[in-house]
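Engineer: For what it's worth, the numbering used here labels the leading residue of the sequence shown as 445, then goes sequentially.
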Amino acid sequence: MLETLSARLKEARRVTVLTGAGVSAASGVPTFRGAGGLWRSFRAEDLATPEAFARDPALVWEWYEWRRATIASCQPNAAHDVLAQWTRDSKTCTVITQNVDDLHIRAGTQRLVRLHGSIWELSCWNRCGTLPWRDERVPLPAQPATCPGCGGLARPGVVWFGESLSPADLNAASTACTCDVFIAAGTSAIVYPAAGLLQQAKMRGAFTAEINVDATPASSLVDMAVKDAAEVVFPQLAEALPRLW
Ligand code: OAD
Numbered sequence: 445m446l447e448t449l450s451a452r453l454k455e456a457r458r459v460t461v462l463t464g465a466g467v468s469a470a471s472g473v474p475t476f477r478g479a480g481g482l483w484r485s486f487r488a489e490d491l492a493t494p495e496a497f498a499r500d501p502a503l504v505w506e507w508y509e510w511r512r513a514t515i516a517s518c519q520p521n522a523a524h525d526v527l528a529q530w531t532r533d534s535k536t537c538t539v540i541t542q543n544v545d546d547l548h549i550r551a552g553t554q555r556l557v558r559l560h561g562s563i564w565e566l567s568c569w570n571r572c573g574t575l576p577w578r579d580e581r582v583p584l585p586a587q588p589a590t591c592p593g594c595g596g597l598a599r600p601g602v603v604w605f606g607e608s609l610s611p612a613d614l615n616a617a618s619t620a621c622t623c624d625v626f627i628a629a630g631t632s633a634i635v636y637p638a639a640g641l642l643q644q645a646k647m648r649g650a651f652t653a654e655i656n657v658d659a660t661p662a663s664s665l666v667d668m669a670v671k672d673a674a675e676v677v678f679p680q681l682a683e684a685l686p687r688l689w
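Below you can see the structure in the form of structure tokens.
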């Protein structure tokens with residue numbers, strides 16, 4: 445089965461990989477849905493919306509501080525490493541991620557498109573004009589975190605439910621949908637607009653594949669659904685490909 449995907453990758457000139465929380469699962473980062481998923485124990489409406497932050501910034505920050513502490517102790521896994529190598533080998537391999545953990549960056553991925561932002565970046569809640577900034581301290585010195593420009597509240601640099609994605613990131617992701625092979629890995633494929641990228645790629649003629657331990661709504665759409673773990677499948681694909689593109 446993997447031979448078909450390897451053969452497609454070998455022939456491909458442009459390859460795009462969309463990743464979700466499942467790609468970081470082997471690193472110890474909790475996923476959102478499925479067994480042990482964050483949305484099984486927490487309500488997104490209470491923690492991941494602008495309304496929730498306006499209501500109770502301390503509670504939202506407490507949750508993000510906990511996630512930052514969890515992620516800080518995690519390392520990139522074999523899936524991150526293979527994808528990073530592919531983007532180093534070829535400028536026509538693009539990784540688009542929904543993950544905010546930055547493990548793709550820590551693995552050395554080039555030209556990463558981060559659709560949902562980064563948990564390691566912050567921005568001013570009052571939009572005082574201070575540019576978003578990076579702060580990897582765990583815990584942050586002020587609870588809740590403050591903006592260095594105006595002294596008001598800072599917010600996590602992630603996209604919450606009900607918010608728009610950055611037009612530049614969406615544009616980069618959409619451009620990458622013009623490719624020969626499009627792989628969706630470790631995503632439940634239900635959060636849009638990310639979930640729509642696979643359909644876009646398919647409509648533009650890409651060979652589409654899914655790598656996921658479970659079936660998702662994308663499983664019946666793709667040309668090939670590989671029901672296995674990302675940290676297992678990507679190294680197998682890498683081994684089958686002498687050097688990419
Ligand atoms: P989900 O938690 O919804 O889905 C993770 C997927 O990974 C599931 O389909 C699992 O079956 C699969 N999975 C788990 N372990 C895996 C492994 N080792 N290898 C391959 N697959 C595995 O995460 P996302 O699809 O990324 O958004 O969620 C999308 C968005 O919803 C997130 O970015 C976040 C969330 O709410 C925001 O916070 C805006």
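Ideal placement from N, C-alpha and C gives every residue a C-beta, glycine not left out.
Bear in mind the structure is a predicted one, so any value in this text is a computation, not a measurement.
Taking the continuous alpha helix (DSSP H) assigned at residue 634, which residues delimit it?
Structural biologist: For the purposes of this step, residue 634 is identified with residue 190 of the sequence shown, where counting begins at 1. Here residue 634 belongs to no alpha helix (DSSP H), and DSSP marks it neither H nor E.
Engineer: Give the straight-line distance between the Cα atoms of residue 603 and residue 613, rounded to the nearest whole angstrom.
Structural biologist: Numbered from 1 along the sequence shown, position 159 holds the residue referred to as residue 603. Numbered from 1 along the sequence shown, position 169 holds the residue referred to as residue 613. Between residue 603 and residue 613, the C-alpha separation is close to 12 Å.
Engineer: Would you report the Cα separation of residue 599 and residue 450, rounded to the nearest angstrom?
Structural biologist: Here residue 599 corresponds to residue number 155 of the sequence shown, with the count starting at 1. Here residue 450 corresponds to residue number 6 of the sequence shown, with the count starting at 1. Cα to Cα, the separation comes out at about 42 Å.
Engineer: Between residue 619 and residue 538, what straight-line distance do the alpha-carbon atoms span, to the nearest angstrom?
Structural biologist: Within the sequence shown, the letter at position 175 stands for residue 619. Within the sequence shown, the letter at position 94 stands for residue 538. Each residue's Cα considered, the two are about 10 Å apart.
Engineer: Counting along the chain, where does the beta strand (DSSP E) carrying residue 582 start and finish?
Structural biologist: What you label residue 582 is simply residue 138 of the sequence shown in a count that begins at 1. From DSSP, residue 582 is part of no beta strand (DSSP E); its letter is neither H nor E.
Engineer: Going by the DSSP bridge assignment, what does residue 447 pair with across the sheet?
Structural biologist: Taking the sequence shown and counting its residues from 1, the one referred to as residue 447 is at position 3. Per DSSP, none; premise fails for residue 447.
Engineer: Which of the three DSSP states is assigned to residue 544 in this structure?
Structural biologist: Position 100 of the sequence shown, counting from 1, holds the residue named residue 544. Coil.
Engineer: Taking 6 Å as the cut-off, is the beta-carbon of residue 644 closer than that to any non-hydrogen atom of the ligand OAD?
Structural biologist: Counting from one through the sequence shown, the residue named residue 644 turns up at place 200. It does not: the Cβ of residue 644 is nowhere closer than 6 Å to a heavy atom of the ligand OAD.
Engineer: Grab me the residues of residue 634's own chain with a C-beta within less than 7 Å of its C-beta, minus the 5 sequence neighbours each way, in chain order.
Structural biologist: Translated into the one-based positions of the sequence shown, residue 634 becomes position 190. Same-chain partners within the cutoff: 661.
Engineer: Is any heavy atom in the ligand OAD found nearer than 6 Å to the beta carbon of residue 656?
Structural biologist: Locating residue 656 in the sequence shown gives position 212, where the first residue counts as 1. Correct: residue 656 has its Cβ closer than 6 Å to the ligand OAD.
Engineer: Would you mind stating whether residue 488 and residue 605 have Cβ atoms separated by less than 7 Å?
Structural biologist: In the sequence shown, residue 488 corresponds to position 44, counting from 1. In the sequence shown, residue 605 corresponds to position 161, counting from 1. Contact: yes.
Engineer: With residue 657 as the anchor, note down where its alpha helix (DSSP H) starts and where it stops.
Structural biologist: Along the sequence shown, one-based indexing puts residue 657 at 213. Segment: none, residue 657 is in no alpha helix (DSSP H) and carries neither H nor E.
Engineer: Tell me whether residue 577 sits in a helix, a strand or coil according to DSSP, three-state version.
Structural biologist: Translated into positions along the sequence shown, residue 577 becomes position 133. Looking at residue 577 - three-state DSSP - the assignment turns out to be strand.
Engineer: Could you round the C-beta distance between residue 645 and residue 626 to whole angstroms and report it? I think they count as a contact, below 8 Å.
Structural biologist: Taking the first residue of the sequence shown as 1, we reach residue 645 at position 201. Taking the first residue of the sequence shown as 1, we reach residue 626 at position 182. Indeed, because the Cβ distance is near 4 Å, the residues count as touching under 8 Å.
Engineer: Quick one: is the Cβ of residue 497 within less than 6 Å of any heavy atom of the ligand OAD?
Structural biologist: Here residue 497 is taken as the residue at index 53 of the sequence shown, counted from 1. False, no ligand heavy atom lies under 6 Å from that Cβ.
Engineer: Report the partner residues of residue 460 according to the DSSP bridge assignment.
Structural biologist: As a first step, residue 460 must be located in the sequence shown, where it is residue number 16. Its beta-bridge partners are 538 and 626.
Engineer: Does the stretch 588-597 come into contact with the stretch 535-550, if we say contact requires no fewer than three beta-carbon pairs (one atom in each stretch) closer than 8 Å?
Structural biologist: Touching, no, given that fewer than three Cβ pairs across the two stretches are closer than 8 Å.
Engineer: Would you check whether the ligand OAD has a heavy atom nearer than 6 Å to the C-beta of residue 574?
Structural biologist: As a working mapping, residue 574 is identified with position 130 in the sequence shown. Checking the Cβ of residue 574 against the ligand OAD gives no.
Engineer: Between residue 518 and the rest of its own chain, which residues show a CB-CB distance below 6 Å, the 5 nearest in sequence each way excluded?
Structural biologist: As a position in the sequence shown, residue 518 is number 74, starting the count at 1. Contacts found: 471, 472 and 473.
Engineer: Around the C-beta of residue 486, are 16 or more other C-beta atoms found within 10 angstroms, so that it is buried, or is it exposed?
Structural biologist: Position 42 of the sequence shown holds residue 486. Residue 486 is exposed by the Cβ-count criterion.
Engineer: Got a sec? Which residues, its chain only, sit under 7 Å from residue 680 by beta carbon, not counting five neighbours each side?
Structural biologist: Position 236 of the sequence shown, counted from the start, is the residue given in the question as residue 680. These residues qualify, in order along the chain: 446.
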